Structures are given as C-alpha cells and as structure tokens.
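Undergrad: First residue of the sequence shown? That's 0 in numbering that gives the first Met the number 0, and the numbers climb one at a time after it.
Every residue gets a Cβ at the ideal spot worked out from N, C-alpha and C, and that includes glycine.
These figures come from a predicted structure and were not determined experimentally.
Take a look at this one; I'll ask things after.
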Amino acid sequence: MEKELIHLQDLRAALDAKRVSSVELTQHYLDRIAAAGDLNAFVHVDPAASLAQARAADARIAAGETAPLLGIPVAHKDVFVTRHWRSTAGSRMLENYVSPFDAAVVERLGAAGMVTLGKTNMDEFAMGSSNENSHFGPVRNPWDRAAVPGGSSGGSAAAVAARLAPVATGTDTGGSIRQPAAFCGVTGIKPTYGSVSRYGMIAFASSLDQGGPLAHSAADCAWMLGGMAGFDPRDSTSLERPAEDYARGLGRPLAGATADKPLAGLRIGLPAEYFGDGLADDVRAAIETALADFEKLGAVRVPVSLPKTELSIPVYYILAPAEASSNLSRFDGVRFGHRAAEYGDLLDMYKKSRAEGFGTEVKRRILVGAYVLSHGYYDAYYLQAQKIRRLIAQDFQNAFAQCDVIMGPVAPTVAWNLGEKGADPVQMYLADIYTLSVSLAGLPGMSVPAGTGAGGRPVGLQIVGNYFDEARLLQVADAFQRATDWHQRAPEGL
Numbered sequence: 000m001e002k003e004l005i006h007l008q009d010l011r012a013a014l015d016a017k018r019v020s021s022v023e024l025t026q027h028y029l030d031r032i033a034a035a036g037d038l039n040a041f042v043h044v045d046p047a048a049s050l051a052q053a054r055a056a057d058a059r060i061a062a063g064e065t066a067p068l069l070g071i072p073v074a075h076k077d078v079f080v081t082r083h084w085r086s087t088a089g090s091r092m093l094e095n096y097v098s099p100f101d102a103a104v105v106e107r108l109g110a111a112g113m114v115t116l117g118k119t120n121m122d123e124f125a126m127g128s129s130n131e132n133s134h135f136g137p138v139r140n141p142w143d144r145a146a147v148p149g150g151s152s153g154g155s156a157a158a159v160a161a162r163l164a165p166v167a168t169g170t171d172t173g174g175s176i177r178q179p180a181a182f183c184g185v186t187g188i189k190p191t192y193g194s195v196s197r198y199g200m201i202a203f204a205s206s207l208d209q210g211g212p213l214a215h216s217a218a219d220c221a222w223m224l225g226g227m228a229g230f231d232p233r234d235s236t237s238l239e240r241p242a243e244d245y246a247r248g249l250g251r252p253l254a255g256a257t258a259d260k261p262l263a264g265l266r267i268g269l270p271a272e273y274f275g276d277g278l279a280d281d282v283r284a285a286i287e288t289a290l291a292d293f294e295k296l297g298a299v300r301v302p303v304s305l306p307k308t309e310l311s312i313p314v315y316y317i318l319a320p321a322e323a324s325s326n327l328s329r330f331d332g333v334r335f336g337h338r339a340a341e342y343g344d345l346l347d348m349y350k351k352s353r354a355e356g357f358g359t360e361v362k363r364r365i366l367v368g369a370y371v372l373s374h375g376y377y378d379a380y381y382l383q384a385q386k387i388r389r390l391i392a393q394d395f396q397n398a399f400a401q402c403d404v405i406m407g408p409v410a411p412t413v414a415w416n417l418g419e420k421g422a423d424p425v426q427m428y429l430a431d432i433y434t435l436s437v438s439l440a441g442l443p444g445m446s447v448p449a450g451t452g453a454g455g456r457p458v459g460l461q462i463v464g465n466y467f468d469e470a471r472l473l474q475v476a477d478a479f480q481r482a483t484d485w486h487q488r489a490p491e492g493l
C-alpha cells in the first residue's frame with residue numbers, strides 16, 4: 000500500500016479510484032498487527048472475520064455505493080462489546096466473554112461499512128492512566144517501548160500511532176482518549192457527554208463514560224465522529240439532537256477570518272491553573288510554541304481562571320469509584336464472566352470469583368466506591384462531591400463568557416516509564432489533573448500532537464470547547480494541523 004495513505008480522505012480516494020481494495024487495505028493492516036506483537040496493542044484479532052467484512056465492503060463499492068467510511072478498517076477498544084468477537088474490558092472477569100450483540104458504536108460504524116481489524120488492549124474496565132492494569136499485560140508506547148502509552152485507551156492510541164490501524168475507537172471517563180492520544184502523538188476527541196451512545200459500552204462510571212475516536216488528524220476525527228454520534232433510544236443518557244456535520248469547518252477560516260489568518264478573532268482562554276508549578280518544563284515549552292503558532296493564525300490569548308481545578312481529582316475519585324462499585328456488582332460469577340473453580344457455598348462463590356476475576360486497581364476503586372456510598376459517609380463524601388462537580392461546571396461557563404476555546408496541556412509530563420508509578424496510585428491519579436474537570440463538566444475536549452518533550456516523547460495540546468462545540472474544536476485543530484506537521488510524524492522505523 001502507498002506509504003502516505005494514512006488519512007481517511009486519502010484512503011477514501013484510493014478506494015473510490017480502485018487503486019486499492021478494502022481487502023488489500025485490511026490485509027495490509029493485519030500484516031502490520033502481526034508484525035508488531037511486541038506492542039501488545041491488540042487482545043483479539045480474527046483475520047477471517049475482518050476479511051469477510053472487507054469483501055462485503057468491496058461488493059458495496061463495486062455496486063456503486065459511496066460513503067465516507069465504507070471499506071476503511073477500524074480497531075475497537077475492547078470496552079465495546081462485539082458480536083462474535085471476544086469482549087473482555089481488559090479483565091480476567093470477562094476473559095472469554097463473547098457478546099451476542101454489537102455496541103451501538105460498533106453497530107453504527109459497521110453499517111457505515113467500516114471493517115473491524117480487532118479489539119485493542121486497555122486498562123481493566125477502563126480504570127487507569129497508563130494501560131498497565133490490563134489482565135493481558137501492558138501496552139508499550141510505539142515512540143519508546145520503555146514508556147507507557149497512556150490509558151485507558153492505550154491500545155487504541157498505540158495502534159494508530161504505530162500505523163496498525165488508520166483509526167480506532169476509545170472511551171474517555173476522566174481523560175482516557177485525550178491522555179493516550181497525547182502520549183502516543185495522535186489526535187483524539189471526547190465529545191459532549193451524551194453525544195455518542197453508551198449502549199454496549201461496558202460501564203465504568205455511567206455519568207462520565209463517553210466514546211470517541213482516535214486518529215491521525217482532526218479531519219479524520221471529524222469523519223469518525225460523524226459515524227459514531229447520534230441519538231440512541233436504548234441509552235437513557237443519549238441526547239436527542241439534530242444530526243451534525245462535524246467536518247463542515249475543515250479547511251475553512253472562521254467566520255470573518257481570512258485565508259492567511261484563518262483563526263482571526265478566536266479567543267483562546269489560558270487557565271492560570273493549567274500552567275502552575277506541577278507542569279514540566281519540556282511540556283510547558285511545547286505548549287508555548289503551539290500557542291505561538293495559533294497566534295500566527297490570528298488567534299489571541301485571554302487569561303481565564305478555573306479555580307476548582309485542584310478539586311477535580313478528589314471529586315472524580317469519589318464519584319467514579321462510587322459508580323464503578325455499582326456497575327461492577329453485576330460481575331458475580333453467576334450469569335456470565337469468571338467463576339471460581341472451587342467454592343463452598345453461594346457467598347463463597349461470589350467472594351472467590353470476584354477476588355480472582357478483578358485486578359488490583361479495580362478492587363481498589365470498588366472498595367473506595369462502596370465506602371463513599373455507605374451509610375454515614377454518603378452525605379459527607381458523595382453528595383458533597385456532586386455539589387462541587389456543579390461548581391466545576393460553572394467555572395467553565397464563567398471562563399467561556401470571556402473566550403471561545405480553552406487550551407492547555409493534556410498532562411503535566413510526557414509519558415513515564417513502565418512500572419515507574421505502579422507503587423503509588425496517587426501519583427498516577429495526579430497525571431489526570433488537566434483532563435478530569437472537562438469530563439466532570441461533560442464538555443467536549445480533544446488532544447492534538449503539539450511537539451515533543453524529554454526523550455523525544457510526544458506532547459499533546461488540549462483544546463476544550465463549550466457544549467456541542469465539537470465542529471469548531473475540530474475546525475480550530477485542523478487549522479493548526481494545516482500549519483504544522485506534528486500529526487504527520489511517526490515513531491522511528493515506521
């Protein structure tokens with residue numbers, strides 16, 4: 000396959016011009032996946048099933064059908080259940096589970112003609128910031144095999160970065176699309192909460208979980224989000240809104256701007272809280288250079304404040320474990336999932352099955368969640384956290400009264416080494432300081448490659464918009480990517 004064909008627009012053109020077939024494209028990526036087993040990015044690949052889907056896509060193309068995603072391969076995070084494929088959520092609890100139905104995201108992209116390459120590795124039940132919590136072992140960062148890829152969508156981010164898939168699906172609860180996108184040098188977007196159906200997404204924290212794409216560029220993310228988003232009556236949190244063209248602003252200047260200054264008039268809010276003492280110098284330098292590039296495109300900086308930012312960590316680590324403890328109570332060894340081989344009675348079976356099936360981080364969060372929901376502590380912790388969550392959301396609205404988008408780092412540092420923070424979960428949690436508040440507020444946010452830091456490891460720029468402002472976020476990111484080449488760069492040897 001032509002080496003430059005990594006973006007969806009190029010793949011679409013090649014498929015439509017018959018320069019490549021979906022079968023050839025799929026086989027190309029399957030070969031790359033097989034050759035990159037050391038990354039551990041995939042947990043389940045079924046070449047026969049993938050190629051059958053590709054042949055069906057080729058038949059649709061031969062019949063004259065045209066659609067943006069038809070015939071293009073995609074990798075799915077293993078938190079989305081998939082019919083006839085294993086759906087494990089990175090856990091021993093679901094190690095051999097095969098779903099009888101497809102998640103809404105898988106269903107929608109399948110109807111659009113996309114070809115499933117396989118299921119990507121992830122932190123167990125999406126709990127983690129490094130992809131070291133998977134039952135199937137850690138994923139390695141393609142830029143440096145000694146580094147983590149970020150979590151929990153680390154397998155998806157690594158797959159895209161290593162050119163094992165042109166695009167992949169992910170989920171973001173507290174930053175799990177944005178942070179691995181930043182660590183792996185790819186583009187990822189978490190849309191407004193409720194934009195993408197959670198039906199068939201194995202739940203971690205229901206009021207926070209949101210699906211989104213990881214890809215090479217903002218333009219690719221726009222195409223993918225158009226295929227993923229939409230109202231779903233099967234999901235009670237799905238928002239019923241008119242269909243949106245997320246790609247409508249790509250390659251165009253903002254209203255009132257010009258071709259040479261496509262972002263003229265854009266007000267970029269820079270929260271003081273995102274640029275404090277905890278930010279590493281190498282990340283700060285890369286973000287500053289990116290902001291200067293935005294200024295060259297016509298944007299202006301506006302100082303804003305998000306004073307509750309530091310409270311986002313305690314609030315998140317009360318609310319998310321509380322919801323996790325409830326959602327994961329269904330995994331009891333009775334209906335599906337892991338069951339202990341030996342037990343004395345029903346209660347003993349529950350205890351042993353859950354003790355064997357869940358990993359350390361999942362157990363930690365279940366215990367925390369059960370504690371904050373227990374009698375005597377519910378009011379003191381859970382209800383107070385919900386009140387502060389509302390204040391965090393209000394902080395953003397106050398900021399958006401002064402600016403159009405908010406920018407800053409995705410994480411305080413570049414990717415750390417495997418095993419570096421495993422003994423101190425609090426240090427791991429602190430890596431999410433800049434992403435958690437966006438999730439708590441339910442806002443759209445994305446990460447775009449914006450430079451490199453220590454050891455040549457990628458740095459991601461976070462762009463946050465107001466509710467349902469995804470199209471403008473993608474337009475702004477696209478303008479930046481047309482002026483820079485960070486999103487085009489690949490790990491050495493690729």
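1) Locate the alpha helix (DSSP H) running through residue 389, then write down its first and last residues.
2) How would you write the range of the alpha helix (DSSP H) that residue 27 sits in, first residue to last?
3) Assign residue 386 to one of two classes, buried (16 or more other C-beta atoms within 10 Å of its C-beta) or exposed (fewer than that).
4) Taking the alpha carbon of residue 311 as the reference point, which residue from 438, 358, 50 and 275 has its own alpha carbon closest?
5) Given residue 447, which residues of its chain have a CB within under 6 angstroms of its CB, disregarding the five upstream and five downstream residues?
6) Is it a yes or a no for the region 43-55 touching the region 252-267, going by three-plus beta-carbon pairs under 8 angstroms?
7) Kindly indicate which residue of 369, 191, 109 and 284 has the alpha-carbon position closest to the one of residue 407.
8) Between the beta-carbon of residue 99 and the beta-carbon of residue 25, is there less than 7 angstroms?
9) Thinking C-alpha only, which one of 356, 464, 427 and 377 is nearest residue 397?
10) How about residue 198 and residue 103: are their beta carbons less than 7 angstroms apart?
11) Quick one: Cα of residue 200 to Cα of residue 32, how far?
12) Reducing DSSP to helix, strand and coil, say where residue 483 ends up.
13) Please confirm if the region 65-80 is in contact with the region 340-358, defined as three or more CB-CB distances below 8 angstroms between the two stretches.
14) Confirm, please, whether the CB-CB distance from residue 281 to residue 455 is below 7 angstroms.
15) Mapping the DSSP letters down to three states, classify residue 167 as helix, strand or coil.
16) When the Cα atoms are used, what is the spatial distance from residue 411 to residue 273?
17) How is residue 411 classed by DSSP in three states: helix, strand or coil?
18) Alpha carbon to alpha carbon, how far is residue 334 from residue 287?
19) Can you tell me whether residue 209 is buried or exposed? The criterion is at least 16 other CB atoms within 10 Å of its CB, across all chains shown.
20) Just the C-alpha distance for residue 171 and residue 320, rounded to the nearest angstrom, thanks.
21) If you scan the region 240-288 from start to end, which runs of the beta strand (DSSP E) of 3 or more residues do you find wholly inside it?
22) Taking residue 308 as the reference, give the member of 332, 246, 349 and 388 with the closest Cα.
23) Would residue 405 and residue 248 qualify as a contact pair, given that the criterion is a beta-carbon distance under 7 angstroms?
24) For the alpha helix (DSSP H) containing residue 427, name the first residue and the last one.
25) Along the chain, which unbroken stretches of the alpha helix (DSSP H) at least 4 residues long are found entirely within the region 187-230?
26) For the beta strand (DSSP E) that residue 445 lies in, which residues bound it at each end?
27) Provide the residue span of the alpha helix (DSSP H) that contains residue 345, from first to last.
28) Buried or exposed: residue 239, going by 16 or more other Cβ atoms within 10 Å of its Cβ?
29) May I ask you to list the residues that DSSP assigns as paired with residue 460?
30) Classify residue 308 as helix, strand or coil using the three-state DSSP reduction.
31) Measuring only the C-alpha atoms, how far is residue 352 from residue 338?
32) In the DSSP assignment, the beta strand (DSSP E) including residue 500 goes from what residue to what residue?
33) Tell me the DSSP secondary structure of residue 143 in three-state form.
34) With residue 59 as the anchor, note down where its alpha helix (DSSP H) starts and where it stops.
35) Tell me, to the nearest whole angstrom, how far the beta carbon of residue 195 is from that of residue 211; I am working on the premise that it is less than 8 angstroms.
36) Counting Cβ pairs closer than 8 angstroms, one from the region 313-332 and one from the region 351-367, do we hit at least three?
TA: Judging by the given coordinates:
1) 383-399
2) 21-34
3) exposed
4) 438
5) 186, 460 and 476
6) no
7) 284
8) no
9) 464
10) yes
11) 24 angstroms
12) coil
13) no
14) no
15) strand
16) 9 angstroms
17) coil
18) 53 angstroms
19) buried
20) 15 angstroms
21) 266-270
22) 388
23) no
24) 424-429
25) 217-227
26) 444-451
27) 345-356
28) exposed
29) 408 and 447
30) helix
31) 5 angstroms
32) This structure gives no information on residue 500, because the portion of the chain shown stretches from 0 to 493.
33) strand
34) 46-61
35) 7 angstroms
36) yes
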